[in-house]
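If you're matching them up, the sequences are chains W and Z in order. Quick note, my numbering runs 392 ahead of the 1-based positions in the first sequence. Quick note, my numbering runs 8 ahead of the 1-based positions in the second sequence. These notes are about the structure you will find just below.
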Amino acid sequence: MRGRPACVATGLSICIRNHILTLRRTQSNDTFVHEISIALNLVEALTERAETEHVAKIEAVHIQLGKLSGVVEDALQFAWELATKDTVAEGSTLVVERVPLVVFCERCESERTIRGDPILVCPECATPAPAIVRGRELQLVAMEVTDAPASH
Amino acid sequence: MPLRVIELHQSILKKNVTLARELRDRFSQSGTFAINLLSSPGSGKTTLLEETLRRLRAQFRVAALVGDQATDADSVRLAHSGAPVRQISTGAECRLDAAMIGTALTGWDLADYDLLAIENVGNLICPAEYDLGEDLRVVLFSVTEGEDKPLKYPLAFNTADLVLVTKIDLAAAVAFEREAALANIARVHPGIEVLEVSARTGEGFDRWITFLERRVKEKQRSPVAAS
């Protein structure tokens, strides 16, 4: 039976300190810390469920990340490696479905995909469009697992 | 060995979603109006909150929780208002979450408080994702932070219920482009209410206090509908 994620065992701050120098070149401290927290939340939920389902190994994890979710995929992938170390999810692939920002324009009476900056304005008629249809997702969809052999 | 698919279809932050719901229920039952203040470091949350608590104390029973990764400096300052204040040390975490709030409230009877102000960690990325069960989410940014601030932090501004533009007494000194800032706020959150204040000079502060008074009273009258 796998233990808790390594980062939780050693301490989140040590985890971050050990890896933050690598990331400093590519993005701010803030975004990395955010993603590692998200990754740990994810791993905790997965390991809990894996235990009740008698899973031997988690091979893949499917999630949805909305454009407006505030999570950077690259940072999350990097954090995934750290967060899954020494857990039943170690080595698993994090499969990310990116969900675009889609709003409903009252004037056009139709859904519009917002490309580029997340501005809630209809790209066709320039009317403010606060009604978000898709794009806020931070969703755990499914996991692919190999089961533990049945005991006799 | 074939892989089995286990469908989950749940929020990645399911734990926080559940705990936030529980907090929201608790605040409803006790009729406590909870506010969550978000901003970047240095926007003036603590100064604003200190003055807010001081002004509201005459009329309401107020308390505050402050989240910081280090030091208890903010809670010490807030305590000068005379309101009960507790510090939450978030350590490596860049935000408060519902679990931390639940723990911090231990020993307080929410029925004793009309308003609970939660000052979040100074950060506009991490806190945006975490519901704390609040009735009102306020995002602050000061005139010194630039007109395009809202565009840089769309999730924070999008999940907010109110935007406070702070330190307006410095607007001229930094050539703050007010119309551009208001336009940018509207672009990421069409229709959101914006108040402009200076905690230092008091300009615009009455409107903020009046706004809060109205909301706190609404909560006391109908705790569920007001949140």
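Where a beta carbon is used, it is the ideal one built from N, C-alpha and C, also for glycine.
By the three-class DSSP mapping on this structure, what secondary structure does residue i have?
i                            : result
serine 461 of chain W        : coil
histidine 88 of chain Z      : coil
alanine 471 of chain W       : helix
serine 150 of chain Z        : strand
proline 520 of chain W       : strand
lysine 175 of chain Z        : coil
aspartate 539 of chain W     : strand
glutamine 531 of chain W     : strand
aspartate 221 of chain Z     : The question names aspartate, yet the displayed sequence has glutamate at residue 221 of chain Z. DSSP places glutamate 221 of chain Z in helix when its eight states are reduced to three.
arginine 103 of chain Z      : coil
leucine 413 of chain W       : Its pLDDT being 44, under 50, leucine 413 of chain W is placed unreliably by the model, and the measurement read from it follows with that caveat. The answer is helix: DSSP assigns leucine 413 of chain W an H, G or I state.
lysine 449 of chain W        : strand
valine 425 of chain W        : helix
serine 420 of chain W        : Reliability of the predicted coordinates at serine 420 of chain W is poor, the pLDDT of 48 falling under 50, and the value obtained from them is presented with this limitation in mind. Reduced to three states, the DSSP call for serine 420 of chain W is coil.
leucine 140 of chain Z       : coil
leucine 203 of chain Z       : strand
alanine 71 of chain Z        : strand
threonine 114 of chain Z     : coil
isoleucine 506 of chain W    : strand
arginine 145 of chain Z      : strand
phenylalanine 184 of chain Z : coil
glutamate 30 of chain Z      : helix
glutamate 15 of chain Z      : strand
valine 513 of chain W        : strand
arginine 65 of chain Z       : coil
arginine 208 of chain Z      : coil
glutamate 155 of chain Z     : coil
isoleucine 193 of chain Z    : helix
glutamate 482 of chain W     : coil
valine 129 of chain Z        : coil
proline 162 of chain Z       : helix
tryptophan 216 of chain Z    : helix
proline 49 of chain Z        : coil
isoleucine 20 of chain Z     : coil
serine 230 of chain Z        : coil
proline 10 of chain Z        : coil
Which residues in the same chain as residue i place their Cβ atom closer than 6 Å to its Cβ, once the five residues preceding and following it in sequence are excluded?
i                            : result
alanine 188 of chain Z       : Glu155
glutamate 516 of chain W     : Cys500
leucine 123 of chain Z       : Phe41, Phe68, Val70, Val224
lysine 157 of chain Z        : Phe149
glutamate 489 of chain W     : Gln456
threonine 505 of chain W     : Pro492, Val494
serine 19 of chain Z         : Val25
threonine 55 of chain Z      : Ala207
threonine 439 of chain W     : Thr479, Val480
leucine 415 of chain W       : Low local confidence applies: a pLDDT of 46 at leucine 415 of chain W is under 50, so the model's placement there is unreliable, and no value is given.
phenylalanine 213 of chain Z : Val205
Between residue i and the rest of its own chain, which residues show a CB-CB distance below 8 Å, the 5 nearest in sequence each way excluded?
i                        : result
aspartate 539 of chain W : Glu445, His446, Val447, Ala448
threonine 485 of chain W : Glu451, Ala452, Val453
glycine 90 of chain Z    : Leu61, Arg62, Arg65
alanine 194 of chain Z   : Ile200
histidine 544 of chain W : In this prediction, histidine 544 of chain W has a pLDDT of 49, which is less than 50 and means its spatial position is unreliable; what the coordinates show is noted afterwards. Correct list: empty, nothing qualifies.
arginine 12 of chain Z   : none
glutamate 127 of chain Z : Leu45, Lys53, Thr54, Leu57, Ala72, Leu73, Val74, Gly75, Asp82, Leu86
Can you list, in chain order, the residues of its chain whose CB lies under 7 Å from that of residue i, leaving out five sequence neighbours each side?
i                         : result
asparagine 166 of chain Z : Val196, His197
valine 525 of chain W     : Val494, Val495, Phe496, Glu503
arginine 34 of chain Z    : Leu118
glycine 52 of chain Z     : Leu148, Ser150, Thr174, Lys175, Ala207
alanine 28 of chain Z     : Ala106, Asp139, Leu140, Gly141
My assumption, with CB atoms under 8 Å, is that residue i sits in contact with residue j. Please give the rounded CB distance.
i                         : j                         : result
isoleucine 109 of chain Z : leucine 86 of chain Z     : So it is not a contact: roughly 16 Å between Cβ atoms.
alanine 137 of chain Z    : glycine 527 of chain W    : Per the sequence shown, residue 137 of chain Z should be read as glutamate rather than alanine. That belief does not hold up - the Cβ atoms of glutamate 137 of chain Z and glycine 527 of chain W are roughly 14 Å apart, past 8 Å.
leucine 144 of chain Z    : isoleucine 43 of chain Z  : 4 Å
serine 206 of chain Z     : lysine 225 of chain Z     : Contact flag wrong, Cβ pair sits at about 25 Å.
leucine 21 of chain Z     : leucine 530 of chain W    : 6 Å
valine 146 of chain Z     : glycine 75 of chain Z     : Actually they do not touch by this definition, with Cβ atoms about 14 Å apart.
leucine 132 of chain Z    : tyrosine 161 of chain Z   : 4 Å
alanine 534 of chain W    : leucine 178 of chain Z    : Actually they are not in contact, since the Cβ atoms of alanine 534 of chain W and leucine 178 of chain Z sit about 51 Å apart, beyond 8 Å.
leucine 460 of chain W    : leucine 163 of chain Z    : 6 Å
arginine 5 of chain Z     : alanine 112 of chain Z    : No information on residue 5 of chain Z is available, as it lies outside the stretch 9 to 235 that chain Z covers here.
leucine 170 of chain Z    : asparagine 192 of chain Z : Not quite, the Cβ-Cβ distance comes to about 16 Å (not below 8 Å), so this is no contact.
Per DSSP, which one or two residues make a beta bridge with residue i?
i                        : result
alanine 42 of chain Z    : Z:Leu124
aspartate 76 of chain Z  : Z:Ser97
histidine 454 of chain W : W:Val487, W:Ala534
cysteine 497 of chain W  : W:Ser502
leucine 434 of chain W   : In the DSSP output, where bridge partners are listed per residue, leucine 434 of chain W has none listed.
arginine 526 of chain W  : W:Val494
leucine 170 of chain Z   : Z:Val146, Z:Glu201
Cβ of residue i within 7 Å of any heavy atom in the ligand NAP?
i                         : result
isoleucine 133 of chain Z : Absent from the structure shown: the ligand NAP. Ligands present: none.
Tell me, please, whether the segment 135 to 153 of chain Z touches the segment 42 to 50 of chain Z by the rule of three or more beta-carbon pairs shorter than 8 Å.
-> With a cut-off of 8 Å, the segment 42 to 50 of chain Z and the segment 135 to 153 of chain Z count as touching, because enough Cβ pairs lie within range.
For the segment 196 to 216 of chain Z and the segment 89 to 104 of chain Z, state whether three or more C-beta atom pairs, one from each stretch, are separated by less than 8 Å.
-> no
Pair every Cβ in the segment 104 to 122 of chain Z with every Cβ in the segment 29 to 46 of chain Z, then say whether three or more of these pairs are closer than 8 Å.
-> yes
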